[in-house]
Amino acid sequence: MLEAINISKEFPGVKALNGVNIKFFPAKVNAILGENGAGKSTLLKILTGVYHQYDGEIRLNGKPIRFKNIKEAHDAGIAIIHQELNLIPQLSIAENLFLGREILTPFGFLATSIMHHKTQQLLKKLQLNVSPNTLVQTLKIGEQQLIEIAKALLTNAQIILMDEPTSALTDKEIDNLHRIIHELKNEGKTIVYISHKMDELFKIVDNYTVLRDGSTIDAGEMSSVNEQDLIRKMVGRDVQISPKETFNFADKTILKVKNLTLKHHSIQNKNQLQSISFELKKGEILGVFGLMGAGRTELLEVIFGIHASKSCFEIEIEGKIRKIGTPKDAIQNGLAFVTEDRKSEGLVLGMSIAENISLTVLPEFGILNATNDTIAAQDYIKQLSIKTPSEKQSCINLSGGNQQKVVLAKWLATQPKILLLDEPTRGIDINAKNEIYQLIKKLAENGLSIMLVSSEIPEILALSDRILVMSEGKIKGEFLAADANEDKLLKAAI
Amino acid sequence: MNKEILKKSQSLIALFLLCLVITLLSDKFLTGANLWNVLRQISVNVCISVGMTLVVLMAGIDLSVGSVLAFTSVICAGFLKNGITIESLDLFVGFTVLGAVLAALIIGFLLGLFNGWAITTFAIPPFVATLAMLTIARGATMLYSEGIPISNLGSSFEYIGSGWFLGIPVPVWISIIVVLLMVFITKKTTFGRYIYAIGGNEKAAYLSGININRIKLMVYSLAGMMAAIGGILVTSRLNSAQPNAGTSYELDSIAAVVIGGTSLSGGVGSVTGTVIGAVIIGVLNNGLVLLNVSPFWQQVVKGLVILLAVIIDRKSKK
């Protein structure tokens, strides 16, 4: 049995794990459940030796153990199958399987035929009907996943961690994977499974543990809970926000989106977003709720002109049809987009606060006006109470909450008419969260129209005037905030 | 803050120590004639490296500068000496010195533009696109010059590379102007800010509405034009265009950029740092010559210095 006892892990500015307790049983499929930012991937990285500085204890079959690197975890029989597969596409299946553990002849050369033979046995066990010499790049994603599993089997791993293995698979491939997981389980192996697809969780998982904000919320047997309870445990957070009192936004439509469709990035003939139409009124906060993979982020991205070549839609802003093919078009049409991942998409981390804030408003060719930028930045630092010694501070040195405020400032600087917010309070502390809630409300009161994507139900309920619920790339429900509650949203989202 | 100043002055300290050591070992180093000579030699690499700095700040690379230098060199010399003759139209165009220089600058700009076009339109890695240009421009140089130097270009042209103005060599003046202009562009214009932003986080820059492709086109074009300035200086200095001029200059300029503290992964660095880097390489070359070190050893020493500079840079970042 693999156990994590009271594990905490801190990154600058955010506590990723806060006393997590979790047990993984042999001959069972153990699920770790939680929304993004709950701490799942941090936990996986600790279990597989990627992070070795943490508080708490890992026990393997009762013995305390601390992996210093990936290899140690591997040698202890823990294998992980990542969401992004770690195969080398240009090499054959056999070459991939034996990479770094090649079998050699007595003379020190590659024992190709032995490896070939062993690969063949494994492929047979996985019911994958291809030659060991097949190049990995010619395999489908589902088949590649099986090669990853074969790799774990080859090293005789007793504990196999799977991080969202089915997110890119077709239904048939998923069935096959489930069958294999079942067999592995019956052989006594410990399976740790992460997925956001509720239906498959109930099909294959035996035990679950729910993480939220880096803490263990609940654990138990899958047969003893229902879907709704489980989701409530994942997303139901106790936040102290007073519900929105006023719903008196002007009855003036500012944004109208019609028949928005986005092609799937890897699966052909499949749409990630399917004929989405909606309207946004001036001064309204339109909440968009959905579980992971519902297409919430993609919806905002398409509107902001990011997937121009793969999407098609009609967009009207203030009654006029517009063409948005790039973020630049979007900005010029009064849109602003606070992205989900502030580090990789929101900020140039090495630049100062002032430089980041001015990035959206500078003309393409012109002389910099340092005084203007400084004044503007100081203004926003005060307005959003960004905690920093000065506007010259590099963004890399700010805490998550303050970074998020800089991202907001950078977009408010464009004086947008429509603000797209994607998980605006993810991974930031409770104080900064409340400040951002207040700010969002104030902006809407001042006439800014806001689309708020969030996976936190209380956040959506407290801020929105109206709520769209998405599932599998479609809008599955629409509620006025006054009529909405947790149960209704969850029902529509599943 | 102190740490930052220390880091910035790090390469200046290295330069100072280098000068000190050479002065102690050779009495010829610290003489007016020698120092002017060093500066004049450096000016070509300074011009190229400053253009390279913009490219590297944007997390790109330009391997074609040496060949672009050679091509603009033969173009400049050929236009000046022979003009352009188009037989089918019975047309002859002659060039003044200014005309030939402008033609070289424009050609350099266009070659850089071509690099940028290949990189942005086809998403070819800069390393590959400019590697192709390295060969293309070198081949074009050979085609145009038929592999023969173009010499005797007249005394007024020679002035650019060999003349003096207000007691300072003209090429030094030119490199000073280029450096000041590029410092201004990188530090005081939005264009410069965008170069840093793209190098720092291309995705965030794109989402901020920056036209990334246009900035890239401009930067590679500028790098090509800087190489052309180098080409004009070299040609004028020798009063002759050599078809094999500029071979491996891209390496010297990348070395200057790296020694000057600009990160090859983009977003961090400065034009002034590169200038110091170029001066360090120039002084080192000069010192090794003065100390009668064999040319073979010179190369080994230069390589070791580059390695040392990068190691120190890495260490100080941690």
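Sequence order for the protein chains is A and B. All letters in the first sequence, in the order written, are residues 1 to 494 by UniProt numbering. All letters in the second sequence, in the order written, are residues 1 to 318 by UniProt numbering. Backbone N, C-alpha and C define an ideal beta-carbon position, used for all residues, glycine too. Model, not experiment: these values are computed from the prediction.
Taking the alpha-carbon positions, what's the residue i to residue j distance?
| i | j | result |
| --- | --- | --- |
| G477/A | K491/A | 9 angstroms |
| L131/B | A140/B | 14 angstroms |
| M162/A | V283/B | 58 angstroms |
| F202/A | A354/A | 49 angstroms |
| T253/A | Q404/A | 29 angstroms |
| I176/B | I381/A | 39 angstroms |
| I375/A | D329/A | 27 angstroms |
| V239/A | K197/A | For V239/A, the predicted structure reports a pLDDT of 49, less than 50, and the residue's modelled location is therefore unreliable. A value from the coordinates is still provided. So the two alpha carbons sit approximately 26 angstroms from each other. |
| L207/B | E314/A | 21 angstroms |
| N30/A | A4/A | 13 angstroms |
| K28/B | P125/B | 46 angstroms |
| K125/A | L146/A | 10 angstroms |
| F16/B | N397/A | 33 angstroms |
| V68/B | G224/B | 7 angstroms |
| H117/A | S11/B | 58 angstroms |
| V268/B | G261/B | 8 angstroms |
| E423/A | I457/A | 12 angstroms |
| S275/A | K188/B | 46 angstroms |
| N61/A | E221/A | 21 angstroms |
| L384/A | W411/A | 13 angstroms |
My guess is that residue i and residue j are in contact by the Cβ rule of under 8 angstroms, so how many angstroms apart are they, rounded?
| i | j | result |
| --- | --- | --- |
| Q144/A | L85/A | 5 angstroms |
| V348/A | N201/B | 4 angstroms |
| Q378/A | E364/A | Actually they do not touch by this definition, with Cβ atoms about 25 angstroms apart. |
| Q90/A | L135/A | 7 angstroms |
| G163/B | V170/B | 4 angstroms |
| I494/A | E227/A | 6 angstroms |
| L33/A | V210/A | 5 angstroms |
| G78/B | Y159/B | Actually they are not in contact, since the Cβ atoms of G78/B and Y159/B sit about 19 angstroms apart, beyond 8 angstroms. |
| I174/B | S43/B | 7 angstroms |
| Y220/B | V55/B | 7 angstroms |
Under 8 angstroms between C-beta atoms, does residue i make it to chain B?
| i | result |
| --- | --- |
| P89/A | no |
| S311/A | no |
| M470/A | no |
| P424/A | no |
| T339/A | yes |
| K328/A | yes |
| L421/A | no |
| S394/A | no |
| E35/A | no |
| S344/A | yes |
| T190/A | no |
| I143/A | First, the residue type needs correcting, since residue 143/A is Glu and not Ile in the sequence shown. So no, E143/A is outside the interface. |
| T371/A | no |
| P363/A | yes |
| M1/A | no |
Taking 8 angstroms as the threshold (beta carbon to beta carbon), is residue i in contact with chain A?
| i | result |
| --- | --- |
| G209/B | yes |
| G51/B | no |
| G60/B | no |
| F296/B | no |
| A249/B | Note that residue 249/B is Tyr in the sequence shown, not Ala. Not an interface residue. |
| K216/B | no |
| N213/B | no |
| K302/B | no |
| R193/B | yes |
| V271/B | no |
| Y220/B | no |
Within the present structure, is the beta-carbon of residue i separated from the nearest heavy atom of the ligand FMN by less than 7 angstroms?
| i | result |
| --- | --- |
| V183/B | The model depicted lacks the ligand FMN and carries no ligand whatsoever. |
Q: Give, in chain order, every unbroken run of the alpha helix (DSSP H) that is at least 4 residues long and sits entirely within the stretch 92 to 162 of chain A.
A: 93 to 97, 112 to 125 and 141 to 154
Q: Take every Cβ of the stretch 246 to 263 of chain B, pair it with every Cβ of the stretch 93 to 113 of chain B, and state whether three or more of those distances are shorter than 8 angstroms.
A: no
Q. Touch check for the stretch 102 to 113 of chain A and the stretch 186 to 200 of chain A: three-plus C-beta pairs under 8 angstroms?
A. no
Q: Could you say if the stretch 258 to 269 of chain A and the stretch 297 to 315 of chain A meet the contact criterion of at least three C-beta pairs nearer than 8 angstroms?
A: yes
Q) Touch check for the stretch 225 to 245 of chain B and the stretch 264 to 279 of chain B: three-plus C-beta pairs under 8 angstroms? A) no
**Q.** Sufficient close CB pairs (3 or more, under 8 angstroms) joining the stretch 457 to 466 of chain A to the stretch 293 to 305 of chain A
**A.** no
**Q.** Three or more C-beta pairs below 8 angstroms linking the stretch 75 to 93 of chain B and the stretch 237 to 245 of chain B
**A.** yes
Q. Pairing CB atoms from the stretch 451 to 459 of chain A with CB atoms from the stretch 282 to 290 of chain A, are three or more of them under 8 angstroms?
A. yes
Q | Complete runs of the alpha helix (DSSP H) confined to the stretch 53 to 131 of chain B [at least 4 residues] | A | 65 to 82 and 97 to 121
Q) Would you call the stretch 44 to 52 of chain A and the stretch 63 to 74 of chain A in contact, with 3 or more CB pairs under 8 angstroms? A) yes
(Q) Just to confirm the assignment: which complete alpha helix (DSSP H) runs, minimum length 4, are found wholly within the stretch 232 to 288 of chain B? (A) 249 to 259
Q) Whole beta strand (DSSP E) runs in the stretch 322 to 387 of chain A with 3 or more residues, listed along the chain? A) 335 to 338
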